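J.: Got a structure for you, questions after.
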Amino acid sequence: MEAQMTQYVALLAVSVGLTFLVGRLLVRAGQPFLLEVFHDEKVTRSVNLLLSVLFHLVTLGVLAIISVSDVAGDNMLQTFVVKLGVVLLTLGLAYGISMLVLIRVRERRRAAEISEHVQERLADRGINTQPTGEQGHL
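Right, here's the structure in full:
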């Protein structure tokens, strides 16, 4: 029983440590993406903090569930390694999803900026950009 408790504590310690390490990396890697999107340092820091909290809460919740689940293994070391593998896959998946969200936000913002720029250029040239059904009739 003592060996199981030691394994449980070790798994939690490694998992929590890795979660915070990956979370910190996500904050640092996400900063340039968010700054490009929001063009405001204060807003960028705020959104980055909110995303970081979300990442940590979801990941730690999943890790807590993993830590108490039964995994079939021939010995304690094998069980620990399997659970650690699940932890690493969970962290990788959460990190990947977070980065995809940041990239998608940046792409949408760029598309909106390009659309605004095109609309302004067309307006400068005097070209009507309204759909044909919305034009006024004489």
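For the sequence shown, the residue numbers in the working numbering are 22 to 159.
Every residue gets a Cβ at the ideal spot worked out from N, C-alpha and C, and that includes glycine.
Since the model is a prediction, treat every value here as computed from it, not as a measurement.
(1) Given a cut-off of 9 Å on the beta-carbon distance, is the pair HIS77 and GLY44 in contact?
(2) For VAL68, which of THR80, GLY51 and VAL79 has the nearest alpha-carbon?
(3) Going by CA-CA distance only, name the one from THR100, PHE54 and LEU47 that's closest to THR27.
(4) Between MET120 and LEU55, is the Cβ-Cβ spacing less than 9 Å?
(5) Taking the CB atoms as reference points, tell me whether LEU81 and VAL37 lie closer together than 9 Å.
(6) How is GLY106 classed by DSSP in three states: helix, strand or coil?
(7) For the alpha helix (DSSP H) holding ILE86, just list the boundary residues, first then last.
(8) What residue does the alpha helix (DSSP H) around VAL35 start on, and which one ends it?
T.: Inspection of the coordinates gives the following:
(1) Here residue 77 refers to the residue found at position 56 of the sequence shown. Here residue 44 refers to the residue found at position 23 of the sequence shown. HIS77 places its beta carbon less than 9 Å from that of GLY44.
(2) As a position in the sequence shown, residue 68 is number 47, starting the count at 1. For the options THR80, GLY51 and VAL79, the alpha carbon positioned closest to that of VAL68 is the one of GLY51.
(3) On the sequence shown, position 6 is the one that residue 27 refers to. Check the Cα spacing between THR27 and each of THR100, PHE54 and LEU47: the tightest is with THR100.
(4) Here residue 120 is taken as the residue at index 99 of the sequence shown, counted from 1. Here residue 55 is taken as the residue at index 34 of the sequence shown, counted from 1. Not in contact: MET120 and LEU55 (Cβ atoms no closer than 9 Å).
(5) Locating residue 81 in the sequence shown gives position 60, counting from the first residue. Locating residue 37 in the sequence shown gives position 16, counting from the first residue. In this structure, the beta-carbon distance from LEU81 to VAL37 falls below 9 Å.
(6) Along the sequence shown, one-based indexing puts residue 106 at 85. The answer is helix: DSSP assigns GLY106 an H, G or I state.
(7) One-based indexing of the sequence shown puts residue 86 at position 65. Note, ILE86: alpha helix (DSSP H), 62-89.
(8) Counted from its first residue, the sequence shown places residue 35 at position 14. Note, VAL35: alpha helix (DSSP H), 23-59.
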